[in-house]
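Engineer:
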Amino acid sequence: MTLLSAFRSFGWPSRMLMINQFGINLGFYMLMPYLAGYLAGPLGLAAWAIGLVLGVRNFSQQGMFLIGGTLADRLGYKPLIVCGCVLRTAGFGLLVFAESLPAVLIASAATGFAGALFNPAVRAYLAADAGPRRVEAFAVFNVFYQAGILAGPLVGLALMFVDFRMTAAAAAVVFAALTVAQLLALPHRAAGTPDEKTSVLQDWRTVAANRSFLLFAAAMIGSYVLSFQVYLALPLQARDLFPRNDSVVTAMIFVVSGLVAVVGQMRITRWFAHRWGAGRSLVIGMLILAASFLPLIVLPDDTRAGRVAAATALLVATAVLAVGSAAVFPFEMDTVVSLANNRLIGTHYGFYNTIVGVGILVGNLATGSLMQAARDLGQPWLLWVLLSAIGLASAAALFRLDRRGRLQPEQLTSSGAQTPR
Numbered sequence: 008m009t010l011l012s013a014f015r016s017f018g019w020p021s022r023m024l025m026i027n028q029f030g031i032n033l034g035f036y037m038l039m040p041y042l043a044g045y046l047a048g049p050l051g052l053a054a055w056a057i058g059l060v061l062g063v064r065n066f067s068q069q070g071m072f073l074i075g076g077t078l079a080d081r082l083g084y085k086p087l088i089v090c091g092c093v094l095r096t097a098g099f100g101l102l103v104f105a106e107s108l109p110a111v112l113i114a115s116a117a118t119g120f121a122g123a124l125f126n127p128a129v130r131a132y133l134a135a136d137a138g139p140r141r142v143e144a145f146a147v148f149n150v151f152y153q154a155g156i157l158a159g160p161l162v163g164l165a166l167m168f169v170d171f172r173m174t175a176a177a178a179a180v181v182f183a184a185l186t187v188a189q190l191l192a193l194p195h196r197a198a199g200t201p202d203e204k205t206s207v208l209q210d211w212r213t214v215a216a217n218r219s220f221l222l223f224a225a226a227m228i229g230s231y232v233l234s235f236q237v238y239l240a241l242p243l244q245a246r247d248l249f250p251r252n253d254s255v256v257t258a259m260i261f262v263v264s265g266l267v268a269v270v271g272q273m274r275i276t277r278w279f280a281h282r283w284g285a286g287r288s289l290v291i292g293m294l295i296l297a298a299s300f301l302p303l304i305v306l307p308d309d310t311r312a313g314r315v316a317a318a319t320a321l322l323v324a325t326a327v328l329a330v331g332s333a334a335v336f337p338f339e340m341d342t343v344v345s346l347a348n349n350r351l352i353g354t355h356y357g358f359y360n361t362i363v364g365v366g367i368l369v370g371n372l373a374t375g376s377l378m379q380a381a382r383d384l385g386q387p388w389l390l391w392v393l394l395s396a397i398g399l400a401s402a403a404a405l406f407r408l409d410r411r412g413r414l415q416p417e418q419l420t421s422s423g424a425q426t427p428r
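Take 8 as the starting number for the sequence shown in this note's numbering and just add one per residue.
(1) Could you pull the start and end residues of the alpha helix (DSSP H) that Gly385 belongs to?
(2) Could you compute how far the alpha carbon of Leu390 sits from the alpha carbon of Leu303?
(3) One question on the structure: do Ala183 and Thr96 come within less than 9 Å of each other, judged by their Cβ atoms?
(4) Is the Cβ-Cβ distance between Ala79 and Ala47 less than 9 Å?
(5) So, is the C-beta of Ala380 closer than 9 Å to a C-beta in chain D?
(6) Which residue marks the beginning of the alpha helix (DSSP H) containing Asn32, and which one marks its end?
(7) Go through its chain and collect everything with a Cβ distance to Phe336's Cβ below 7 Å, but skip five positions before and after it.
(8) Which term fits Ser422, buried or exposed, when burial requires 16 or more other beta carbons within 10 angstroms of its beta carbon?
(9) Taking the CB atoms as reference points, tell me whether Gly155 and Gly75 lie closer together than 9 Å.
(10) Assuming Pro109 is part of the alpha helix (DSSP H), what are its boundary residues?
(11) Tell me, please, whether the segment 396-405 touches the segment 266-285 by the rule of three or more beta-carbon pairs shorter than 8 Å.
(12) Look at the alpha carbon of Thr420 and the alpha carbon of Ala43, and state the distance between them as a whole number of angstroms.
(13) Pull up the distance between the alpha-carbon of Arg382 and that of Ala53, whole angstroms please.
(14) Taking the alpha-carbon positions, what's the Val147 to Val270 distance?
(15) Assuming Thr77 and Asp210 form a contact by the criterion Cβ under 8 Å, report the distance between their Cβ atoms to the nearest whole angstrom.
(16) For Ile260 versus Pro160, is the C-beta spacing smaller than 9 Å?
(17) With Met71 as the anchor, note down where its alpha helix (DSSP H) starts and where it stops.
(18) Unbroken alpha helix (DSSP H) runs of length 4 or more, entirely within the segment 219-243: which are they?
(19) Would you kindly work out how many angstroms separate the C-alpha atoms of Ala224 and Ala188, rounded to a whole number?
(20) State yes or no: is the C-beta of Ile295 within less than 9 Å of the C-beta of Ala240?
(21) Considering only C-alpha positions, which residue in the set Phe151, Gly353 and Gly119 is nearest to Asp268?
(22) For Pro40, collect the residues of the same chain with a Cβ closer than 6 Å to its Cβ; drop the 5 residues on either side in sequence, then sort them by chain order.
(23) On the criterion of 16 or more Cβ atoms from any shown chain inside 10 Å, does Ala396 qualify as buried, or is it exposed?
(24) If you draw a straight line from the C-alpha of Ile362 to the C-alpha of Ala215, how long is it?
(25) Below 8 Å on the Cβ atoms is my contact criterion, and I expect Met293 with Leu414 to pass it. Report the Cβ-Cβ distance as a whole number of Å.
(26) Could you tell me if the beta carbon of Pro337 falls within a distance shorter than 8 Å of some heavy atom in the ligand ATP?
(27) Counting Cβ pairs closer than 8 Å, one from the segment 56-70 and one from the segment 109-124, do we hit at least three?
(28) If you check the beta carbons only, do Ser21 and Leu133 fall under 9 Å apart?
(29) Find out if the Cβ-Cβ distance for the pair Phe338, Leu289 is shorter than 9 Å.
(30) Could you tell me how far apart the beta carbons of Leu38 and Ala175 are, in whole angstroms, since I believe they sit closer than 8 Å?
(31) If distances are taken between C-alpha atoms only, which option among Val181, Phe171, Met273 and Gln153 comes closest to Cys92?
(32) Phe29: which of Leu87, Val111 and Asn126 sits nearest, CA to CA?
(33) Leu394 and Gln236 look like a contact to me (Cβ under 8 Å); what is the Cβ gap, rounded to whole Å?
(34) Give the straight-line distance between the Cα atoms of Val232 and His195, rounded to the nearest whole angstrom.
Written as C-alpha cells, this is what we have:
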C-alpha cells in the first residue's frame with residue numbers, strides 16, 4: 008500500500024488531523040531550529056541559558072500535557088486543538104519582540120503550553136478515529152509530521168536571511184491560519200471518557216495506579232532526551248563547525264531528518280511490524296537511537312579529519328537518529344493506548360508526556376552544561392558518549408519490560424481498576 012492509498016483509507020477526521028499536523032510543524036520548524044543559534048548569537052546567551060530556555064519550552068509542553076490531556080477527555084478534542092493553536096500564535100508573536108532572558112522564557116513557555124493543549128488531543132483523537140489501525144495511522148501521521156519538519160526549516164532559512172524576528176512573525180501567521188482552519192473544518196469529537204461521575208483526581212489516580220504504563224513512560228525518557236538533541240546539541244555542533252553559516256547547516260540537519268521519515272517511515276514501520284511485535288520494535292528502535300551518536304564520538308570536531316568529515320559525521324548521526332525515531336514512534340503511540348486499556352486516552356497521553364517532560368528538562372540542562380564542560384576539557388566526544396549510554400540504558404529497560412510482559416495491557420477488575428502485577 009502506498010502512502011497516498013494509506014492516507015485515503017482513513018476517515019476524514021484522521022486525514023484532517025494528518026494535514027493539520029503538517030501545518031503545525033511547518034510553522035513550528037520555521038522557527039525552532041534557529042532559536043538556539045539566535046539565543047547564542049544576537050542575544051549572546053550562555054550554553055546553560057540556552058539549555059534552560061529550550062528545556063522550559065519543552066517542559067511547559069511535555070510537563071503540562073497532563074492538564075491538556077485531562078481537559079481533552081472532559082471537554083472534547085477539538086476545543087483543545089484550537090486553543091493550543093491560538094496560544095502558540097501568541098507565543099511566537101512575543102518572540103518577535105523578546106530581547107531578554109525573562110521575555111524569551113515567557114515566550115518559550117507559552118509556545119510549549121500551547122503544545123500541551125493540542126498534542127494530547129490530536130493523538131487521542133487520531134487513536135480513537137483509527138481504532139485497530141492505530142499503528143498504521145500513526146505511521147502515516149508521522150510522515151506528515153516529518154514533512155512539516157522538512158519544509159519548515161527551508162522556509163525558515165529563507166526568512167532567516169532577512170531576520171529572525173521576521174521568521175517568528177511568519178510562524179505566528181501560520182498558526183493563526185491553522186486556528187481558523189481547524190475551527191471551521193475539523194469535526195467535533197467528544198472523548199467519551201471519563202465517566203461524568205468521576206473527578207479529575209480520581210482519573211489521575213486511575214492512571215497513576217497503572218504500574219506498567221508508568222514504567223514504560225520512565226523507560227521512554229531516554230528516547231525523548233536523544234531525539235531532542237536535534238534542537239539543542241546538533242545545532243550547537245553545527246554552529247561550532249560553521250560559525251558563519253550555521254543556519255544553512257542547521258537547515259540541512261532538519262532536511263535530512265525529514266527526508267528519512269517522509270521517504271522511509273511506511274517501509275520502516277511495515278518492516279518492523281512484520282518481523283517483531285511492538286515490544287521488540289521499541290527495543291531495537293532505541294538501540295538505533297543510541298548508535299546514532301557513534302559518528303560524533305569518532306569525529307567530535309574538525310581537528311581529526313577536517314571540517315567536511317566532521318559535518319558528514321553530523322549529518323550521518325542525524326539520519327540514523329531519524330531512522331530510530333521513525334522506528335519507535337508508531338509503536339510508542341500504540342503502546343500508550345494499549346496500556347491505557349482504551350480508557351482516559353487523553354489523560355494517559357498527558358501523564359506520559361509529563362513524565363518524559365521532566366526527564367527532558369533535566370536532560371537538556373545536563374546536555375548544555377556537559378557540552379560546555381567537554382569543550383573546556385578539550386574532550387568534546389564525552390557528550391556523545393553520554394548520550395549513547397542513555398540510549399543503551401533505555402533499551403535495556405524496555406527489553407526488561409517486554410520480557411516481563413509489562414508492555415501488554417493489565418487486566419481490568421469488575422470495578423474498572425487495573426490488576427497489579
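For every residue, glycine included, the Cβ atom is placed at its ideal position computed from N, Cα and C.
Values in this document were obtained by computation on a predicted structure and should not be read as measured data.
Structural biologist: According to the data block:
(1) Neither: Gly385 is in no alpha helix (DSSP H) and is coded neither H nor E.
(2) 9 Å
(3) yes
(4) Cβ atoms of Ala79 and Ala47: not closer than 9 Å.
(5) This model lacks chain D altogether; it includes just one protein chain.
(6) Trp19 to Leu38
(7) Phe145 and Asn149
(8) Unreliable placement is indicated for Ser422, whose pLDDT of 41 sits below 50; the coordinate value is still reported in the next sentence. So Ser422 ends up on the exposed side.
(9) No, the pair does not count as a contact, with Cβ atoms beyond the cut-off.
(10) Leu108 to Ala137
(11) Flag = no, the segment 396-405 and the segment 266-285 do not touch.
(12) Bear in mind that a pLDDT of 42 at Thr420, under 50, signals an unreliable position, so the model cannot answer this.
(13) 13 Å
(14) 11 Å
(15) With a Cβ gap of about 7 Å, Thr77 and Asp210 count as contacting.
(16) yes
(17) Neither: Met71 is in no alpha helix (DSSP H) and is coded neither H nor E.
(18) 228-234
(19) 33 Å
(20) No; because the gap between Cβ atoms is not below 9 Å, this pair is not in contact.
(21) The residue you asked about is not Asp; residue 268 is Ala in the sequence shown. When only C-alpha atoms are compared, the closest one is Phe151.
(22) Pro160, Thr257 and Phe261
(23) Exposed.
(24) 11 Å
(25) 13 Å between Cβ atoms; not a contact.
(26) By its list of ligands, the structure shown contains no ligand whatsoever, and the ligand ATP lies outside what it can speak to.
(27) yes
(28) Contact flag set, yes.
(29) yes
(30) 6 Å
(31) Val181
(32) Asn126
(33) 7 Å
(34) 34 Å
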